[in-house]
Structure formats: C-alpha cells, structure tokens
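Engineer: In our numbering, the protein residues as written are 1018 to 1170. Backbone N, C-alpha and C fix where the C-beta goes; we use that ideal spot for every residue, glycine too. Quick caveat, the model's predicted, so the values are computed rather than measured. If you scroll down you'll find the structure; I have some questions about it.
Here it is as structure tokens:
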C-alpha cells in the first residue's frame, strides 16, 4: 500500500465510522420512539408517543441506562436537519398528492409569484431604510459642521 493510498483511506474510514455511528444512534432514538409509541397506543394514553418517548429517553439518561455519548451524534444529526422534517409544504405535498398532480402548475405559480412579491417588498423596504439611513447620516454631518461653525464664531 502506498503512502497516498494510506492517506486517503484513513479519512474515508473515519467518515464511514462516523456515518455508521450516526445511523446507529439515530436508529436507537427511533427505537425508543417506536417503543414509546407502541406503549402509548396499547395503553390508550391521550399524549403523543413522541412525548412519552422523550420522557422515556430522559429517564434512561438520568438512571444511566443510556449515556449521552450513545445518542449525541444521532441527536445532533436529527436536530441539525430538524427543519427538513417539519416543512409544512412537504407535509402538504404528501397529504394532497392528487391536488398537486391536478393543479401543480397553478400552485407552483402561486408559490413563485408569492416568493417574488416578498422579495420585491423586502427590496423596497431595504432601499427605503438605506435612504433614511443616508439622510440621517447626512443630517448628523451637517449638525456637526454647523456646531463647529458656531464654535468658531
């Protein structure tokens, strides 16, 4: 094995180990949720399984059944991509697939149009704020010059 092969193999091995650790820890967290959800459904509890899962995980962390390092990388990965799991548009796309197939182009037009209007409104607001800021800065400079002129007189 050459030096160049060794130097590229080590980072890839570390990357694969990290990916495996993240996958295993995410699976552990999903397993805790699955067990909690099953308990919630079988006991007919009026709370979501995710809430029971959080309480169960917290109890496991406090009693030492699970150490934080066993779930940290997986939890960090899940939290870093949390927005992707809760995007309302993605949920709507899954729930209303037929609507998107029938009127998708209209919905896309509304989304693009709405985005362009928001961008335009923000651009106008920023431009107006910049003009106001320039006027205020000019007024401050004029006041300083006027004060210096009065001090000399």
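If you draw a straight line from the alpha carbon of residue 1155 to that of residue 1140, how long is it in whole angstroms?
Structural biologist: 22 Å
Engineer: Let's see if you can read the secondary structure: which residues bound the alpha helix (DSSP H) around residue 1066?
Structural biologist: In the DSSP assignment, residue 1066 falls within the unbroken alpha helix (DSSP H) covering 1066-1080.
Engineer: What span of residues does the alpha helix (DSSP H) with residue 1170 cover, start to end?
Structural biologist: Run containing residue 1170: none; DSSP gives neither H nor E here.
Engineer: Inspect the beta-carbon positions of residue 1096 and residue 1043 and report whether they are closer than 8 Å.
Structural biologist: Taking the C-beta atoms as reference points, residue 1043 is found no nearer than 8 Å to residue 1096.
Engineer: Distance, Cα to Cα, residue 1039 vs residue 1064?
Structural biologist: 28 Å
Engineer: Kindly indicate which three-state DSSP category residue 1163 falls into: helix, strand or coil?
Structural biologist: helix
Engineer: Look at residue 1077 and residue 1083 and say whether their C-beta atoms are less than 8 Å apart.
Structural biologist: Yes, Cβ-Cβ distance for residue 1077 and residue 1083 is below 8 Å.
Engineer: For the alpha helix (DSSP H) containing residue 1096, list its first residue and its last residue.
Structural biologist: First-last of the alpha helix (DSSP H) with residue 1096: 1085-1097.
Engineer: Can you have a look at residue 1170 and say buried or exposed, based on whether 16 or more other CB atoms are within 10 angstroms of its CB?
Structural biologist: exposed
Engineer: At the level of alpha carbons, what is the spacing between residue 1035 and residue 1090?
Structural biologist: 8 Å
Engineer: Which whole-angstrom value is the C-beta distance of residue 1093 and residue 1070, which I expect to be below 8 Å?
Structural biologist: At roughly 18 Å, the Cβ-Cβ gap does not stay under 8 Å, so residue 1093 and residue 1070 are not in contact.
Engineer: If I'm right that residue 1049 touches residue 1074 with Cβ under 8 Å, what's the distance once you round it to whole angstroms?
Structural biologist: 5 Å
Engineer: With H, G and I counted as helix, E and B as strand and the rest as coil, what does DSSP make of residue 1051?
Structural biologist: helix
Engineer: Decide if residue 1072 is buried, meaning its Cβ has at least 16 other Cβ atoms within 10 Å, or exposed.
Structural biologist: exposed
Engineer: Helix, strand or coil, according to DSSP, for residue 1063 in the structure here?
Structural biologist: Here residue 1063 sits in coil by DSSP.
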